[in-house]
Amino acid sequence: MTPDLMEAGARQRAAFDARQQAAHGGSFSKASGRPVRAGVPDFAQGVALYLDDVTVSFDGFKALNALSLAINVGELRCIIGPNGAGKTTMMDIITGKTRPDAGRVFFGSNIDLLRLTEPEVAQVGIGRKFQKPTVYEQLSVLQNLELSLRNDRGVAASLFARLSSTQNDRLGELLTLIHLKTEAHRTAGLLSHGQKQWLEIGMLLAQDPKLLLLDEPVAGMTDEETERTAELFLTLEGQHSLVVVEHDMKFVDQLTEGRKKVTVLHEGRVLADGLLSEVQANPEVVEVYLGR
Ligand SMILES: Nc1ncnc2c1ncn2[C@@H]1O[C@H](COP(=O)(O)OP(=O)(O)OP(=O)(O)O)[C@@H](O)[C@H]1O
Ligand SMILES: [Mg+2]
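Residue numbers (this note's numbering): 50 to 341.
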């Protein structure tokens, strides 16, 4: 790396810090380096996420219709339901991408998510995985993860600063967790679709979110990749709360381990919840979804 480039990196980093200070009044979390203006969630009541009576209409059509839902701290909850049920819209509401017409959405017992911007929702500890993987194709697996560990300080600036030994340890852990240790120096663009999905999950985890929202994470994966993804999510359960939207019932079955509750959405509200075997035997659910 040339001195010129290093200097450019340092300048960019300083400019970034100055912008953050200006935007967030200089208050940063010591642990993560993230601004804490948006608040720190209180999980003492055991609830990670709480939606109450949430309604949103698009041109008079109710994509969510008085949706109420609670996810416990450390819970892995699968959400299923037919196309157009409102599953993705629900994630859009939680992450501040779409604003509801009515209802309340809380993270922990204290953070009103409806008052936060999209970046603030990420800062308080909610990570979202979209269906299409979005990694930096030209960078290596390792570089992609490094960037996320450094809190998105801008590509150039991030790659120049040295990682702390704790951050290096974390990188190693993440590579193992997402099954990409042997691919660390490979260009991300050359990974399989499934591997890119894992890399993006690793990038989310690098930011240490308390709640992960995963929208159809195994779409397009091979059977083997799907199974390994389920194993990965099961290892995350407990340390993180996870909301997983999926149509793949074999995957949902693996995640619920015959004992966890799934929620069925239909027409913007909860149609049923219970064990997968219970909802699969529910005539209403079969009618609108599983019997297709
Ligand atoms: N921004 C928007 N503008 C207009 N209509 C929208 C918008 N977002 C979602 N919708 C509509 O809201 C309904 C719910 O869509 P949503 O994407 O949430 O469904 P979904 O449960 O995620 O379905 P799928 O399983 O197909 O992903 C659909 O009828 C969709 O067309
Ligand atoms: Mg969707």
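Idealized CB from N, CA, C, for every residue including glycine.
- Of Leu-194, Thr-144, Asp-91, the smallest CA-CA separation from Thr-166 is found for Thr-144.
- At least one heavy atom of ligand 2 lies less than 6 Å from the C-beta of Lys-136.
- Within the segment 112–163, the complete alpha helix (DSSP H) runs of at least 4 residues fall at 136–143.
- Take the alpha-carbon of Gly-88 and the one of Ala-255: they are about 20 Å apart.
- In the three-state reduction of the DSSP assignment, Lys-299 falls in the helix class.
- In this structure, DSSP gives Thr-231 a helical state, which the three-state scheme calls helix.
- Between ligand 1 and Phe-179, a heavy atom-to-CB distance of less than 6 Å is absent.
- DSSP places Lys-245 in no beta strand (DSSP E) but in the uninterrupted alpha helix (DSSP H) bounded by 242–255.
- In this chain, the beta strand (DSSP E) harbouring Arg-318 covers 318–324.
- In the structure shown, Phe-282 falls within a helical segment according to DSSP collapsed to helix, strand and coil.
- Around the beta carbon of Lys-230, a 10 Å sphere encloses fewer than 16 other beta carbons of the protein chains shown; the residue is thus reported as exposed.
- Per DSSP, the unbroken alpha helix (DSSP H) holding Gly-221 starts and ends at 214–226.
- With contacts defined by Cβ atoms closer than 7 Å, Ser-290 and His-234 do not form a contacting pair.
- By DSSP's assignment, Asp-101 forms a beta bridge with Arg-153.
- Assignment of Asp-264 by DSSP, reduced to helix, strand and coil, places it in the strand class.
- By the neighbour-count criterion, in which 16 or more other beta carbons inside 10 Å mark a residue as buried, Asn-132 falls on the exposed side.
- Note on geometry: alpha-carbon atoms of Leu-196 and Val-335 lie some 44 Å from one another.
- If you ignore the 5 residues before and after Val-311, its C-beta comes within less than 8 Å of the C-beta of Arg-126, Cys-127, Ile-128, Ile-129, Val-301, Thr-305, Asp-322, Gly-323, Leu-324, Leu-325, Val-328, all in its own chain and listed in chain order.
- Under DSSP, Gly-269 takes part in no beta bridge, so it has no partner.
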